[in-house]
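Residue numbers (this note's numbering): 491 to 832.
Heads up: the structure comes next, in structure tokens.
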Amino acid sequence: MLAAVLLPFLCCLSSAAAGKLLVIPMEGSHWLSMKAVLAELSRRGHEIIVIAPESRMLIDSSAMYMLKMYPVPFKKEELQELMHSFALDTFSEKPFLFRFLNTWENFRKSSAIFKATCESLLYNKEVMKYIEESKFDAILTDPLTPCGQIIALHFSIPTVFFLRGVPCAIDVHAAQSPDPPSYVPRVFSLYTDHMTFPQRVKNLLIKSFLCNFAYLPFEHLASDFLHRPITMKELLSHGSIWLKRMDFVFEYPMPVMPNIVFIGGINCGQRKPLSQKCSSGFFPRALLLHYYFFLCNEFASSLGHFQSKNQHKCHVLWTFRLRIAVSVYRHISEFFAPVMTM
Numbered sequence: 491m492l493a494a495v496l497l498p499f500l501c502c503l504s505s506a507a508a509g510k511l512l513v514i515p516m517e518g519s520h521w522l523s524m525k526a527v528l529a530e531l532s533r534r535g536h537e538i539i540v541i542a543p544e545s546r547m548l549i550d551s552s553a554m555y556m557l558k559m560y561p562v563p564f565k566k567e568e569l570q571e572l573m574h575s576f577a578l579d580t581f582s583e584k585p586f587l588f589r590f591l592n593t594w595e596n597f598r599k600s601s602a603i604f605k606a607t608c609e610s611l612l613y614n615k616e617v618m619k620y621i622e623e624s625k626f627d628a629i630l631t632d633p634l635t636p637c638g639q640i641i642a643l644h645f646s647i648p649t650v651f652f653l654r655g656v657p658c659a660i661d662v663h664a665a666q667s668p669d670p671p672s673y674v675p676r677v678f679s680l681y682t683d684h685m686t687f688p689q690r691v692k693n694l695l696i697k698s699f700l701c702n703f704a705y706l707p708f709e710h711l712a713s714d715f716l717h718r719p720i721t722m723k724e725l726l727s728h729g730s731i732w733l734k735r736m737d738f739v740f741e742y743p744m745p746v747m748p749n750i751v752f753i754g755g756i757n758c759g760q761r762k763p764l765s766q767k768c769s770s771g772f773f774p775r776a777l778l779l780h781y782y783f784f785l786c787n788e789f790a791s792s793l794g795h796f797q798s799k800n801q802h803k804c805h806v807l808w809t810f811r812l813r814i815a816v817s818v819y820r821h822i823s824e825f826f827a828p829v830m831t832m
């Protein structure tokens, strides 16, 4: 009886249809994570158009999507130099003030480059006309730079954010989640949730000066293009879905809104064991325990190489030495055995 009643309604339902997706990506590792998602979306029949600058590092052509490019007023080498500087400062052991000033300078440079990229896209009449006429169903973008969201607001297209995070937790505030600076450490601060009063002051300074300076040019650009005053927080608050490449294993638990989805394991979809030649030098037979963090080929040439005894190269980003007792070395080796796969 129930089946007879529901059958007419089921006949009215349409089958799932493929959509038309506009992708405005971010360079570097951000793109590598997003590319895996595009591969699955393409496999499911969605039409994907990626819009990227002509001067780019890792964003490449593929049969999975159509790549549409636009000119920008800088060269690929300038972008590579900036990424290299960021990588070095991230693992610097220099004093706080030195790291703060270096980070401030890198944010200033990156803000100028990414603003120029965004401005070149927004005022490219040919590309903007193409976006308007294509009638996209949604925009997939990384809000680290808000260019995709500016376009989404301009053409009233729903936005799906794909991100690890935004400096100074602007993404958290835009999604209406709590993030008090007295308890949540800012990026590059190296603090925990247990901070002294001076540390809390420094944590607040990072947010007040560094982040406002970095995103102020984007706020001006968005306000001029949309013809109304708008802040980064308001701009990102219009996002429909937040796909965050994180979880609460390494992050601080917090209440979140229903449209925030945690996809922290997405980068571990394809595990590849390290070769025996490379992994043979991972745990040295000595009192000094080395931790090696491997980096993609783009940065390895400038950050150095680790060569094992058989001359096979393994890329190294950072090493940390810790003096330990012989008795605990075996237990540490057993504990870290699972990380030998990537």
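Don't be surprised by glycine CBs; every beta carbon is placed ideally from N, CA and C.
Just so we're clear, the structure is a prediction, and the values are computed from it rather than from any experiment.
In three-state DSSP terms, what is residue i?
i: proline 688; result: helix
i: tyrosine 555; result: strand
i: phenylalanine 651; result: strand
i: tyrosine 782; result: Any reading at tyrosine 782 must be qualified, since the residue scores a pLDDT of 36, below 50, and its modelled position is unreliable; no value is offered.
i: threonine 635; result: coil
i: valine 540; result: strand
i: alanine 628; result: strand
i: lysine 565; result: coil
i: phenylalanine 738; result: coil
i: lysine 510; result: strand
i: isoleucine 640; result: helix
i: isoleucine 696; result: helix
i: tyrosine 819; result: Confidence at tyrosine 819 is low in this model, with a pLDDT of 38, below 50, so its placement is unreliable and the value that follows should be read with caution. DSSP places tyrosine 819 in helix when its eight states are reduced to three.
i: isoleucine 731; result: strand
i: isoleucine 756; result: helix
i: isoleucine 750; result: strand
According to the neighbour-count rule (16 or more other Cβ atoms, all chains shown, within 10 Å of its Cβ), is residue i buried or exposed?
i: serine 823; result: Low confidence applies to serine 823: its pLDDT is 41, below 50, so where it sits in the model is not reliable, and the reading given next is rough at best. Its Cβ having fewer than 16 others within 10 Å, serine 823 is exposed.
i: phenylalanine 703; result: exposed
i: glutamate 583; result: exposed
i: glutamate 622; result: exposed
i: arginine 846; result: This structure cannot speak to residue 846, because the chain is shown only from 491 to 832.
i: alanine 602; result: exposed
i: tyrosine 836; result: Given that the chain is displayed from residue 491 to residue 832, the structure contains no residue 836 and the question cannot be resolved.
i: leucine 777; result: Residue confidence is low: leucine 777 scores 35 on pLDDT, short of 50, so the model does not pin down where it sits. Its coordinate-derived value is still stated next. It is exposed - the Cβ of leucine 777 has fewer than 16 other Cβ atoms within 10 Å.
i: proline 745; result: exposed
i: arginine 718; result: exposed
i: leucine 694; result: exposed
i: methionine 516; result: buried
i: valine 540; result: buried
i: lysine 605; result: buried
State the start and end residues of the unbroken alpha helix (DSSP H) segment that holds residue i.
i: alanine 707; result: The residue you asked about is not alanine; residue 707 is proline in the sequence shown. From DSSP, the alpha helix (DSSP H) with proline 707 extends over 702-716.
i: glutamate 622; result: 615-624
i: leucine 531; result: 519-533
i: leucine 548; result: Leucine 548 -> no alpha helix (DSSP H), and no H or E assigned at all.
i: valine 662; result: 660-664
i: lysine 723; result: 722-726
When the Cα of residue i is compared with those of the options, which residue comes out closest?
i: serine 672; options: Pro657, Asp661, Pro688 and Ile660; result: Pro688
i: isoleucine 549; options: Glu583, Gly535, His536 and Ile514; result: Ile514
i: lysine 596; options: His574, Asp661 and Asn614; result: Sequence check: residue 596 is asparagine here, not lysine. Comparing Cα positions, the closest option is His574.
i: glutamate 447; options: Gln639, Ala628 and Leu695; result: Nothing can be reported for residue 447: it is not among the residues displayed for the chain, which extend from 491 to 832.
i: glutamate 609; options: Lys525, Met747 and Phe715; result: Phe715
i: alanine 642; options: Ile753, Arg654 and Met618; result: Met618
i: leucine 630; options: Ala508, Met524 and Phe752; result: Met524
i: arginine 841; options: Ser519, Tyr555, His536 and Leu528; result: This structure cannot settle anything about residue 841, because the visible part of the chain is limited to 491 through 832.
i: threonine 721; options: Val650, Pro636 and Met747; result: Pro636
i: tryptophan 732; options: Ile753, Phe738 and Thr686; result: Ile753
i: glycine 655; options: Leu569, Glu571 and Leu726; result: Leu726
i: methionine 736; options: Ser552, Gly755 and Asp627; result: Gly755
i: glutamine 570; options: Ser730, Met554, Trp594 and Lys599; result: Lys599
i: aspartate 661; options: Ala712, Tyr742 and Ile750; result: Ile750
With respect to 8 Å, is the separation between the Cβ of residue i and the closest non-hydrogen atom of the ligand COA below this value?
i: serine 679; result: Looking at this structure, you won't find the ligand COA or any other ligand, since it has none at all.
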